[in-house]
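**Q** Pasting in a structure now, in structure tokens, and then I'll have a few things to ask.
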Amino acid sequence: MVDFVADFWENIRERQPLPDVKPGYISDVKSGPAMTELEMATLDWLVDVLGLPEHFKNSHSGPGTGIIQNTASDATIIAIMAARARAVEAVKNESSSIFSWMASTELGKTVRGILTKVRQSTIEDEESGIICPYYHDPAIFEKLIAYCSDQAHSSVEKDSMLCGVKLRKLKSTVDPEFKNYTVTKEVLENAIKEDRARGLIPFVMIATMGTTSSCSIDRLDELGPICNREHMWLHVDAAYAGSFLACPEFRYMSKGMELVDSFNFNAHKAMLINFDCSPMWFKDGTTAAKYFTIDPVYLKHEHQAVASDYRNLQVALGRRFRALKIWFVLRKLGVEFIQALLRRQNIQAILFAKLINDDQIFELFVPQHLGLVCFRIKDSTNEENEELCTAINDDRRIHLVPSKVHGTFFLRLSVCSQLTTDDDIRFAYNVCKDVLGRLKGRKN
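Quick note, the numbering used here runs 2 ahead of the 1-based positions in the sequence shown.
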């Protein structure tokens, strides 16, 4: 390639300014249908690989749609905006069942006041060129409120901020079965009741499958019925843990997935696919796309009635050929190879947790889950653990990223690489033990 470029510039004066290629040869592929069709196919493959509901498939008879986003942050903001648009549409449609419960409530009076304001502000002024989008009317945003766990990724807060809606972080508690932090149905129901009394409109719940701090999960089978009953959008951010659904034994995490409106995971985190590749599915992609459709003349083409167009389910107009990465990994390595890798990461995390429990120098903050182990010095303060984490990273043999949940600081070991061996796990534990010993030695 370097030689080609060098020769091109050296001989540029000898080249003709126009090519010999016959005009029109590329007309059959001008919109890249093969790229779109491969994305549709690979996303359907992943539905089968992860054991997701059939209605998410592009090939399903219903409106389900799969699309590859850049990252989970992009997927979440699209989900929030789609949910926001659906709520705005419902507010403007006074006969909608979503607001039948509030006819005689204070919130009903609030919404009627909003509608009066909306009707005054949604008239398009053709002379000035001012446009107020029907589904994205800011006059209604101030009354909308989204929910997520206090363990949700920071991107959820950022996405809510960018969408101009309120966000309430729900208090997580320790699940009696998983011994990890989750949002209970009682907490969500109480929040909905309280916020409606404040004159707010709950419109979306962003549940997490595999939180960044401790790899906890929100129970979809508990939150889903509430969201469906209250006409709230339920989005699942499974950025890390979603890949593990490829193994049937980990599908306890996806119980209740049939109740979800949208689901996303990062294939670039644990499925051997390079960054960026973040598949997302909609239960009703047709309606979601309706909320984002802008159709200028220069984007129209003769096949738009029958061809899928992903531009209406993302922020950007253009997009990369990310489906090719999925195709290569699944075709070259196969599902069984990926399953073996994920299981090995889980087993290696179990090994690290066992070393901690056997030695009694450290203690687990929460039980090991998937490839993540959260631990701290036994009977210690936050300051002592912060000092240890800094010392381990300064030692430069391994690198740990800490976190803090409900005021407790802890260290996290994450098994991520396909090259990690059991000896690497023992080495990492011995480094932690060695650095802690040196810290105690200096203090004595």
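Every residue gets a Cβ at the ideal spot worked out from N, C-alpha and C, and that includes glycine. If you're wondering where the values come from, they're calculated on a predicted model, not measured in any experiment.
Determine the burial state of residue 276: buried for a count of at least 16 other Cβ atoms within 10 Å of its Cβ, exposed for fewer.
**A** Exposed: under 16 other Cβ atoms inside 10 Å.
**Q** Go ahead and pull the three-state DSSP assignment for residue 236.
**A** Three-state result, residue 236: strand.
**Q** Checking 7 Å against the spacing of the C-beta atoms, do residue 431 and residue 357 come in under that value?
**A** A contact, by the Cβ cut-off of 7 Å.
**Q** Got a sec? Which residues, its chain only, sit under 6 Å from residue 331 by beta carbon, not counting five neighbours each side?
**A** Excluding residues within five positions, the ones whose Cβ falls inside 6 Å are 274 and 275.
**Q** Helix, strand or coil: how does DSSP classify residue 209 here?
**A** Here residue 209 sits in strand by DSSP.
**Q** Within the same chain, show all residues whose beta-carbon is closer than 8 Å to that of residue 312, passing over the 5 residues directly before and after it, in chain order.
**A** 38, 41, 69 and 321.
**Q** Does the pairing of the stretch 212-222 with the stretch 252-265 give three or more beta-carbon distances under 8 Å?
**A** Enough Cβ pairs lie closer than 8 Å, so yes.
**Q** Going by C-alpha to C-alpha distance, which of 404, 409 and 391 sits closest to residue 449?
**A** Residue 449 is absent from the model: the chain starts at 3 and stops at 446.
**Q** Since residue 417 contacts residue 350 with CB under 8 Å, what's their CB separation in whole angstroms?
**A** Correct: roughly 5 Å between the Cβ atoms.
**Q** When you compare each of 249, 328 and 96 to residue 342 by their alpha carbons, which one comes out closest?
**A** Looking at the Cα atoms, 249 is the closest of the given residues.
**Q** Could you tell me the alpha carbon to alpha carbon distance between residue 226 and residue 236, rounded to whole angstroms?
**A** Each residue's Cα considered, the two are about 7 Å apart.
**Q** Please list the segments of the beta strand (DSSP E) lying wholly inside the stretch 391-444, counting only runs of 3 or more residues, in order along the chain.
**A** Counting only runs of 3 or more, we get 405-407 and 410-416.
**Q** Just reading off the beta strand (DSSP E) that residue 71 is part of, what are its end residues?
**A** 67-71 is the span of the beta strand (DSSP E), which, as asked, contains residue 71.
**Q** With a threshold of 6 Å on Cβ separation, who are the neighbours of residue 384 within its own chain once the five nearest residues in sequence on each side are excluded?
**A** Excluding positions up to five away in sequence, the list reads 411.
**Q** Could you tell me which of 344, 295, 72 and 48 sits nearest to residue 323, measuring between CA atoms?
**A** It is 72 whose Cα lies nearest to the Cα of residue 323.
**Q** Could you check which residue in 11, 52 and 10 has the C-alpha nearest to that of residue 254?
**A** Of the listed residues, the one whose Cα sits closest to residue 254 is 52.
**Q** Taking residue 398 as the reference, give the member of 421, 429 and 372 with the closest Cα.
**A** Out of 421, 429 and 372, 429 has the C-alpha closest to the C-alpha of residue 398.
**Q** Strictly by DSSP, which residues pair up with residue 227?
**A** Bridge partners of residue 227: none, in fact.
**Q** Can you tell me whether DSSP reads residue 204 as helix, strand or coil?
**A** Correct three-state label for residue 204: strand.
**Q** Determine the contact status of residue 375 and residue 415, defining contact as a CB-CB distance below 7 Å.
**A** A contact, by the Cβ cut-off of 7 Å.
**Q** Report whether the distance from the Cβ of residue 265 to the nearest heavy atom of the ligand FAD is below 6 Å.
**A** The ligand content of the structure shown is nil, which means the ligand FAD is not present either.
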